[in-house]
Amino acid sequence: SNYELEFRTKSNEIRYLLVNATTRRDAENNIVGVVGVAQDVTEAVKHDRAVAAMANELRQLVDTANAPIFGIDIHGNVNEWNEKTAEITGFPEEEALMQPLVTTFIVPKLRPSVQEVMDNALIGHGTSNYELEFRTKSNEIRYLLVNATTRRDAENNIVGVVGVAQDVTEAVKHDRAVAAMANELRQLVDTANAPIFGIDIHGNVNEWNEKTAEITGFPEEEALMQPLVTTFIVPKLRPSVQEVMDNALIGHGTSNYELE
-8 SNYELEFRTK SNEIRYLLVN ATTRRDAENN IVGVVGVAQD VTEAVKHDRA
42 VAAMANELRQ LVDTANAPIF GIDIHGNVNE WNEKTAEITG FPEEEALMQP
92 LVTTFIVPKL RPSVQEVMDN ALIGHGTSNY ELEFRTKSNE IRYLLVNATT
142 RRDAENNIVG VVGVAQDVTE AVKHDRAVAA MANELRQLVD TANAPIFGID
192 IHGNVNEWNE KTAEITGFPE EEALMQPLVT TFIVPKLRPS VQEVMDNALI
242 GHGTSNYELE
């Protein structure tokens, strides 16, 4: 029953038939042949093969994508781990599959929040652009920007989560280096052995380092947001100092200007 065979037509095309082959007997119950009752399933077979080809193509795209793609089943265990994910983390697919994603590959401090993202996706609520820290096999940290999407089967049942990521490690390292440099510069300004002060475009104080506070006697909290010229400059110099500040506010700095 239900044997699929390929018939060659007169025009040399192929038709797919689903056949029930039954023994044929004469009146004395002698076997005299075989009768086949068939169903033409050509279109269904072509459709199934097209779907299979598309699935294979998608599988290849996932495996060879230039972005990390990983997934979990409903129990949180890894069931998708493409080549880019393996390259970035150092864990080959065979080592990663069926391991619990969160406890194996996510740094401890982020496990609760990543678990929440995965749990939400497992009830149909995806998350976009979530930054997580992956622990590599060599115990380094890689920063990934992830879209976590619910994965469903043909009957629309939730069967897991798939994450499509972007490796932003270098960008994160750069941003952190810039932030560290900014903090260092802030410390240098605050503790410099020279008075450093600044104003905003309205002429109000927005920079007042420790040395300026020491020299003037005005602590930073009293000086901030006060108009520099009218509050701290002696009356006779206010017009000229105001001119210096106005020039600087249009891009023309002044060097070695003495003020009181």
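Quick note: the sequence shown, position 59, residue 50 per this note's numbering, numbers continuous.
All residues carry an ideal CB built from backbone N, CA and C; glycine is no exception.
Nothing here was measured: the structure is a model prediction, and the numbers come from that model.
Measuring straight from C-alpha to C-alpha, what distance separates T95 and Y121?
18 Å
What does the Cβ neighbour count give for L113, buried or exposed, with the cut at 16 atoms within 10 Å?
buried
So for T198, helix, strand or coil by DSSP?
The question names Thr, but residue 198 is Glu in the sequence shown. Residue state, collapsed to three classes: strand.
The beta strand (DSSP E) that contains T118, what's its start and end?
118 to 126
Should M216 go down as buried or exposed, given a rule of 16 or more other Cβ atoms within 10 Å for buried?
exposed
Quick check: the segment 114 to 133 against the segment 18 to 36, are there 3 or more CB pairs under 8 Å?
no
Over the uninterrupted beta strand (DSSP E) stretch that includes N11, give me the two end residues.
5 to 16
Should V69 and M89 be called a contact, given that it needs their Cβ atoms to be closer than 8 Å?
yes
N70, DSSP secondary structure in three states
strand
So, for A214: in the same chain, excluding its five sequence neighbours on each side, which residues have a beta-carbon less than 6 Å away from its beta-carbon?
V196, W199
Less than 7 Å separating the Cβ of V53 from some heavy atom of the ligand PLP?
Ligands displayed in this structure: none; no statement on the ligand PLP is therefore possible.
Do E71 and G62 have their CB atoms nearer than 8 Å?
yes
One or two residues paired with F209 in a DSSP bridge:
According to DSSP, which records beta bridges pairwise, F209 is partnered with nothing at all.
Start-to-end residues for the alpha helix (DSSP H) that takes in T0:
Premise fails: T0 is in no alpha helix (DSSP H) and is neither H nor E.
For P103, count neighbouring Cβ atoms within 10 angstroms of its own Cβ and tell me buried if that reaches 16, exposed if not.
exposed
Could you give the DSSP three-state label for I79: helix, strand or coil?
helix
Once you ignore the five residues that flank I60 on each side, which residues in its own chain have a CB closer than 6 Å to its CB?
V53, N73, V155
With DSSP collapsed to three states, give me the class of L135.
strand
Which residue marks the beginning of the alpha helix (DSSP H) containing A43, and which one marks its end?
33 to 55
Roughly how many angstroms lie between the CA atoms of R15 and N21, to the nearest whole one?
8 Å
Using DSSP's beta-bridge definition, name the partner residues of R142.
G151
Where A58 and T76 are concerned, what is the direct C-alpha to C-alpha distance, given to the nearest angstrom?
8 Å
Look up A185 in the DSSP assignment and say whether it is helix, strand or coil.
coil
Do the segment 120 to 139 and the segment 41 to 50 touch if we need at least three Cβ pairs shorter than 8 Å?
no
CA nearest to the CA of Y(-6), picked from R177, N3, Y7:
Y7
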